[in-house]
Amino acid sequence: MTRRLGADQVTEAARLLRTGELVAFPTETVYGLGADARNGRAVAAVFEAKGRPHFNPLICHFPDAESAFAEVIADDRARALAAAFWPGPLTLVLPRRTECRIDLLAGAGLDTLAVRVPAHPLALALLRAAAIPVAGPSANRSGAVSPTTAEHVLEGLSGRIAAVLDGGACDVGVESTVLDLAMGGAALLRPGGVPVEAIEAVIGKVSRPLPISAAEKTRTLRSPGMMLSHYAPTLPVRLGAVEAAADEALLAFGPPLPGAGLVWQLSETGDLREAAARLFAGLRHLDAEGGRLGLIRIAAMPIPESGLGAAINDRLARAAAPRT
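Residue 163 in numbering that gives the first Met the number 0 sits at position 164 of the sequence shown, and the numbers go up by one each step.
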């Protein structure tokens, strides 16, 4: 059963997060569904609780800009925007640092991360008490209206998460603005709590988002709630493998097939949450090590379509899609 925690129970909410549990918490925009962003299993549980159909990147929350910029590479524009709008409803997409601690699943396997510092005092108190980066998409079932009260969270997620930290109604009520600074320019990926005009007053011209239909076709946008391009291995990927060759790297689920030149185990016991947490790291390992060994492709064993399996298969299908 999901616990409802009062504002005086921040320490307990922080303890739950540190132990890998899911805790919904208020921000100035909407309630977020918090998980330890360093913990792949906890991040996978977010997708499972939400029924999220794709491994979209999650926004990682920090108590201050210094903590956020310890995980990503911030240029002068990012620092200027942080000084102007953090804490506040602005999310910046920036390149991951080599030493970044955030689990690959939280960033959808990309070389970038979406980061922000929320303005809600209870959210900041929680982030300081937990002393960990917290991945936090909206605390609702996928496709449902974003929650702005603890009651909204419980309507959709009661029994699916450990607790909700009740901070009353959210002030802004719409999600944060998402701005991509990782590609050299400045691209608005999602309008939100900070008007683009205010952003342009700080850093100059910002390109506007593609129409949704065009964004879905290009799959290049890297914002929560939009179709996006995921990490694609250099080695081609073969799906539904029921046998493996010596010149193949095997992405195993359950007892591994014999004969492969290299193996990465997603979950020997068939645990979809464990498999989701290990997917992006596994693809990267097989791609790099398989290439070094002279292997010619990655063979992926079948994954059930139930639960998180649908999201895993979606990601694998994109990895296996013909290169253009």
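C-beta atoms are modelled at their ideal positions from N, C-alpha and C, and glycine is treated no differently.
For clarity, every value in this text was computed on a predicted model and none was experimentally measured.
Residue i to residue j, Cα distance in whole Å?
| i | j | result |
| --- | --- | --- |
| L249 | L256 | 8 Å |
| A299 | A251 | 6 Å |
| A243 | L292 | 16 Å |
| D102 | G39 | 6 Å |
| A200 | A64 | 20 Å |
| V22 | E150 | 14 Å |
| I295 | D246 | 6 Å |
| R189 | S175 | 8 Å |
| L285 | H119 | 42 Å |
| A186 | G166 | 32 Å |
| P235 | G108 | 17 Å |
| Q8 | R237 | 49 Å |
| I351 | L278 | Nothing about residue 351 can be reported from this structure: the residues present for the chain run from 0 to 323 only. |
| A34 | T28 | 18 Å |
| T10 | A259 | 48 Å |
| G106 | A113 | 7 Å |
| P86 | A73 | 16 Å |
| K204 | R76 | 12 Å |
| V152 | F84 | 27 Å |
| V42 | V177 | 20 Å |
| A13 | V193 | 28 Å |
| T148 | L307 | 27 Å |
| R2 | I58 | 24 Å |
| E196 | L282 | 40 Å |
| A319 | Q264 | 18 Å |
| S145 | A168 | 12 Å |
| G191 | A276 | 29 Å |
| A316 | A309 | 10 Å |
State the start and end residues of the unbroken alpha helix (DSSP H) segment that holds residue i.
| i | result |
| --- | --- |
| T10 | 9 to 17 |
| R3 | Segment 2 to 4 is the beta strand (DSSP E) holding R3; no alpha helix (DSSP H) there. |
| E247 | From DSSP, E247 is part of no alpha helix (DSSP H) but of the beta strand (DSSP E) over 247 to 252. |
| D170 | No alpha helix (DSSP H) contains D170, which DSSP labels as neither H nor E. |
| F46 | 39 to 49 |
| V152 | 149 to 156 |
| A64 | 64 to 68 |
| L121 | 120 to 129 |
| D286 | 271 to 292 |
| A309 | 308 to 319 |
| R76 | 75 to 84 |
Pull up the DSSP beta-bridge partners for residue i, would you.
| i | result |
| --- | --- |
| V114 | C59, L91 |
| A134 | A34, C59 |
| W263 | L250 |
| S206 | A186 |
| A162 | R2, V22 |
| D362 | For the chain, the structure presents residues 0 to 323; residue 362 sits outside this window and is missing. |
| R140 | Looking at the DSSP assignment, R140 forms no beta bridge with any residue, so it has no partner. |
| R237 | A298 |
| V71 | R95 |
Pick from the options: whose alpha carbon is nearest that of residue i?
| i | options | result |
| --- | --- | --- |
| A122 | A43, D313, A6 | A6 |
| C99 | V152, V9, A124, A36 | A36 |
| A81 | G167, I198, L292, E267 | I198 |
| L326 | A244, D165, P132 | Outside the displayed span of the chain (0 to 323) sits residue 326, for which this structure offers no information. |
| L125 | L4, R314, R272 | L4 |
| G183 | E47, T111, T176 | T111 |
| E267 | A280, L261, G253 | G253 |
| G31 | R76, V116, D75 | V116 |
| R314 | T148, P56, T97, G203 | P56 |
| A130 | A73, A319, F61 | F61 |
| A44 | I58, G19, G290, F24 | G19 |
| F24 | L104, A161, M0 | A161 |
| I297 | L164, A73, A83, L261 | L261 |
| L104 | S137, T147, A287, F46 | F46 |
| L164 | D170, D179, T26, L180 | T26 |
| G289 | A79, M0, T233, G191 | T233 |
Within the continuous beta strand (DSSP E) that includes residue i, where are the two ends?
| i | result |
| --- | --- |
| V195 | From DSSP, V195 is part of no beta strand (DSSP E) but of the alpha helix (DSSP H) over 195 to 202. |
| A298 | 296 to 299 |
Return yes when the C-beta of residue i is under 8 Å from any heavy atom of the ligand SAH, and no when it is not.
| i | result |
| --- | --- |
| A244 | In the structure on display, the ligand SAH does not appear, and there are no ligands present to speak of. |
Please confirm whether residue i has its beta-carbon closer than 9 Å to some beta-carbon of chain C.
| i | result |
| --- | --- |
| R37 | This model lacks chain C altogether; it includes just one protein chain. |
With three or more C-beta pairs closer than 8 Å as the rule, is the segment 66 to 80 touching the segment 157 to 177?
no
* Can at least three beta-carbon pairs, one atom from the segment 301 to 309 and one from the segment 255 to 274, be found at a separation below 8 Å? -> yes
Note to self: Between the segment 141 to 149 and the segment 87 to 96, can you find at least three pairs of beta-carbon atoms closer than 8 Å?
What the structure shows: no
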